[in-house]
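A quick write-up on the structure given underneath.
Protein chains: 2
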Amino acid sequence: MNTVELLALTGGVGGAKLALGLQALLPDDRLACLVNTGDDFDHLGMHISPDIDTLLYTLAGESNQVAGWGRADETWAFMAMLGRMGGPTWFQLGDSDLALHVERTRRLQRGDRLTEVTAHFAACLGIAARILPMSDTAVRTEVLTDSTSLGFQDYFVRLRAEPTLRAVQFRGHESATLTHEALEAITSPSLKAIIICPSNPYLSIDPILSVPGLAATLRRSGVPIVAVSPLIGGRAVKGPTAKIMSELGVPVTPAAIAAHYRGIIDGLVIDIADENDRDACGLPTLVVRTLMETLQDRITLAEQTVAFAQTLPRR
Amino acid sequence: MNTVELLALTGGVGGAKLALGLQALLPDDRLACLVNTGDDFDHLGMHISPDIDTLLYTLAGESNQVAGWGRADETWAFMAMLGRMGGPTWFQLGDSDLALHVERTRRLQRGDRLTEVTAHFAACLGIAARILPMSDTAVRTEVLTDSTSLGFQDYFVRLRAEPTLRAVQFRGHESATLTHEALEAITSPSLKAIIICPSNPYLSIDPILSVPGLAATLRRSGVPIVAVSPLIGGRAVKGPTAKIMSELGVPVTPAAIAAHYRGIIDGLVIDIADENDRDACGLPTLVVRTLMETLQDRITLAEQTVAFAQTLPRR
């Protein structure tokens, strides 16, 4: 049944917050989330999909609200013992979290697609929304610095996003294909809007948009596409978005976000702290509070964003 | 430095108890344990070595005394989540235990030998004794029933050793080789005795003896070889030894154990409950209490067994 009404493009933590708000509006399979898998990597023999897991845990109500990543009530016995045994401990793997990596790897190795594994996990966690990997093909985000090319997790986790970023590339993207599940969501006759969540545009949303044909398919859907700016007053709530924009020589402003998404989006939601930048955006903007501290903040921003999208003309 | 004075052949739980007693006598690298790896298997992408891990945990003082397997103070968050995610839960993997499987697999895949990985783990756990896999070559114990051939863990764990056993085979044993570490231990000029621990002769000791050249090398060492019977009054303390002997049409007696090890051992330690069977054994026997309930029981039996071995003539 092709009943998708809202499609969200999202990376991990920041995007998942808005996705949770959207889920409160559409608490069934009318919500679809197209999720970045450029951060996926193989570690200790396991296929790890950090953004998909963040979506799963967040939409299941099992995410760690304090840490901002991982599971609530996580335990760390595996990690402590791995450290004692001289194993690599730079990437934190909670005891429960580990089960998803192990079981995902097992299912992928027997031939299941990542989309199928993700749908299975979502069902196990009682999530009705469709959590769709951007592709079942491996696309790997790499960060180019002045001297080297770093795998995403190497850059982001091991080196704490400290190296200066000069460019980003999505290895393998040219041969990636849209899944039929993603295509079904984008082409749903009931689709009302596409929301680009306030994830890092360069590291979380661009990998999704790098899948050949995806951006054009989004445009052809005919529904309004609205992005929520990840910036508040020249800073990102979490993560290196602002630092990266500076390193790329881009002003840390909503106008730069608008320019980045030009040709894709029809409207931009920006924070009240950035109201002065509104006119520079050059497209319809909604100015609201975008900081999502409480669940109600998430729901309110979701409502405002969807309502704003409805005011924009269908193409 | 080739200083090995005692060599113990052992499987998991029962054998590890005596190994712990031997470690109390020789709390350094003068004790070597040659361990069954016929139970090893690949599960969820990991190389699991149950008997080696039991030795590691036992000699480190971190084994679960109540369960009789696994680690003390183990937690089970991974397993609970794996079950929620629809993964296979027939083989229990504790959160801390899991770290050894993951790290072992990582090291094997980068080219370390199982013997090297095991030595590394032992060092991490503060164990001075040499814990030596019977071979670095894969040997896999299989149980033949009336209708089928079962992998060891399938038979032992998943089917709880319930199928009737008709024969045991050690797949791959003909191409297995002794490691130079094992050879060094067996040929140590300081070697005083070789102890076959009270493990299951058919499922835990025979795989070790199936490594080509091993039995002959043990004999050529010239030191007394003594086995400790795993039976007490016609029953095994733990595990299916007695059931298997019945299924193989062998009397459940120390004399049958003696016959099984004929040509290998020079003496047998039997329990006081089996004293009447002493003469039927047909070789020197020591009759003592073999039930190891306390640490002192383990140490006493180790002392008695080593002292008994010293009374037997060098060949």
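So the sequence lines, in the order shown, correspond to chains A and B.
Numbering-wise (my numbering), the first sequence opens with residue 2 and increments by one.
Numbering-wise (my numbering), the second sequence opens with residue 2 and increments by one.
Think of the CB as a built atom: it goes at the ideal place given N, C-alpha and C, for glycine as much as any other residue.
Predicted model only: the values in this text are computed from it and were never measured.
Would you mind working out which of G112/A, R161/A, M82/A and Q154/A sits nearest L126/B, comparing C-alpha positions? Among G112/A, R161/A, M82/A and Q154/A, the Cα nearest to that of L126/B is on M82/A.
Rounded C-alpha distance that separates R279/A from R172/A: Near 35 Å, if we compare the C-alpha coordinates of R172/A and R279/A.
Classify W70/A as buried or exposed, calling it buried when 16 or more other Cβ atoms lie within 10 Å of its own Cβ. When all chains shown are included, W70/A counts as buried.
Since I132/A and V36/A are thought to touch, with beta carbons under 8 Å apart, how far apart are those beta carbons, to the nearest angstrom? Confirmed, about 6 Å.
Check whether the stretch 267-285 of chain A touches the stretch 150-166 of chain A, taking contact to mean three or more Cβ pairs, one atom from each stretch, closer than 8 Å. Put simply, the stretch 267-285 of chain A does not touch the stretch 150-166 of chain A. Fewer than three CB pairs are less than 8 Å apart.
So which of F309/A, L204/A, A33/A and A216/A has the shortest CA-CA distance to V14/A? Nearest to V14/A by C-alpha distance, out of F309/A, L204/A, A33/A and A216/A, is L204/A.
Please say whether P199/A and L19/A have beta carbons closer to each other than 8 Å? Here L19/A is near P199/A, since their CB atoms are less than 8 Å apart.
Starting from the N-terminal side, write out each stretch of the beta strand (DSSP E) that is 3 residues or longer and does not extend beyond the stretch 10-68 of chain B. For secondary structure counted as the beta strand (DSSP E) over 3 or more consecutive residues, the stretch 10-68 of chain B holds these complete runs in sequence order: 32-36, 42-44 and 47-49.
So is Q311/B buried or exposed if we call it buried at 16+ other beta carbons inside 10 Å? So Q311/B counts as exposed.
Could you tell me whether the Cβ atoms of R114/A and G39/A are closer together than 8 Å? The answer is no: Cβ separation not under 8 Å.
V144/A by DSSP, collapsed to three states: which one? Strand, per DSSP.
Beta-carbon proximity check, A168/A vs V212/A, cutoff 8 Å: Contact flag unset, no.
Pick from V238/B, T286/B, Q110/B and G264/B that is closest to V253/B, judged by C-alpha positions: Considering only alpha carbons, the answer is V238/B.
Check whether the Cβ of S97/A lies closer than 8 Å to any Cβ atom in chain B. Interface flag for S97/A against chain B is set, since a Cβ pair is found closer than 8 Å.
Please compile the residues from chain B whose C-beta is within a distance smaller than 9 Å of the C-beta of Q110/A. Per Cβ cutoff of 9 Å: G46.
Any idea what DSSP makes of G84/B, helix, strand or coil? It is helical.
What whole-angstrom Cβ distance do F42/A and M86/B have, given they're in contact under 8 Å? Not quite, the Cβ-Cβ distance comes to about 20 Å (not below 8 Å), so this is no contact.
Going by other Cβ atoms of all chains shown within 10 Å of its Cβ, with 16 needed for buried, is S148/A buried or exposed? Classification of S148/A: exposed, given that the 10 Å Cβ count is below 16.
Would you mind working out which of A25/A, L21/A and T106/A sits nearest G88/B, comparing C-alpha positions? Of A25/A, L21/A and T106/A, the smallest CA-CA separation from G88/B is found for T106/A.
Going by DSSP, which residues form a beta bridge with P134/A? Answer by DSSP bridge pairing, in chain order: V36/A.
By the 10 Å Cβ neighbour count, where 16 or more other Cβ atoms means buried, how is H102/A classified, buried or exposed? It counts as buried.
Cβ distance (whole Å) where L313/B is taken to contact D275/B below 8 Å: Contact between L313/B and D275/B does not hold, since the beta-carbon distance rounds to 19 Å and is not under 8 Å.
So, is the C-beta of R159/A closer than 8 Å to a C-beta in chain B? No, no contact with chain B.
Compile a chain-ordered list of the residues in the stretch 130-152 of chain A whose CB is closer than 7 Å to at least one CB of chain B. Taking 7 Å as the Cβ-Cβ cut-off against chain B, none of the residues of the stretch 130-152 of chain A qualify.
Using a Cβ cut-off of 8 Å, which residues of the stretch 254-267 of chain B contact any Cβ in chain A, in chain order? Cβ contacts with chain A come from no residue of the stretch 254-267 of chain B.
Does any residue of chain A have a CB that is nearer than 8 Å to the CB of E104/B? Yes, contact with chain A.
Under 7 Å from the C-beta of C34/B: neighbouring residues of chain C: Absent here is chain C; the protein component of the structure consists of chains A and B.
At the level of alpha carbons, what is the spacing between T119/B and Q66/A? Going from the Cα of T119/B to the Cα of Q66/A covers about 39 Å.
Given a limit of 9 Å on CB to CB distance, which residues of the stretch 228-253 of chain A reach chain B? Answer set for the stretch 228-253 of chain A: empty.
Where F79/B falls: helix, strand or coil (DSSP): Three-state DSSP puts F79/B in a helix.
Within 10 angstroms of the Cβ of R263/A, are there 16 or more other Cβ atoms? Answer buried if so, exposed if not. Exposed is the label assigned to R263/A, since fewer than 16 other Cβ atoms lie within 10 Å of its Cβ.
Using Cβ-Cβ distances below 9 Å, what residues of the stretch 77-92 of chain A are close to chain B? Residues of the stretch 77-92 of chain A with a Cβ closer than 9 Å to any Cβ of chain B, in chain order: W77, A78, F79, M80, A81, M82, L83, G84, R85, M86, G87, G88 and P89.
Quick one, are the C-beta atoms of L8/B and A216/B less than 8 Å apart? Against a cut-off of 8 Å, the Cβ pair of A216/B and L8/B comes out as no contact.
Classification of D96/B by the beta-carbon crowding that lies within 10 angstroms, buried from 16 upward: It counts as buried.
If the cut is a Cβ gap below 7 Å, which residues of chain B does A100/A touch? Those are F79, M82, L83, M86 and G88, listed as they occur along chain B.
Candidates R159/A, A308/A, P202/A and G234/A, of which the one nearest A259/A by Cα: Looking at the Cα atoms, P202/A is the closest of the given residues.
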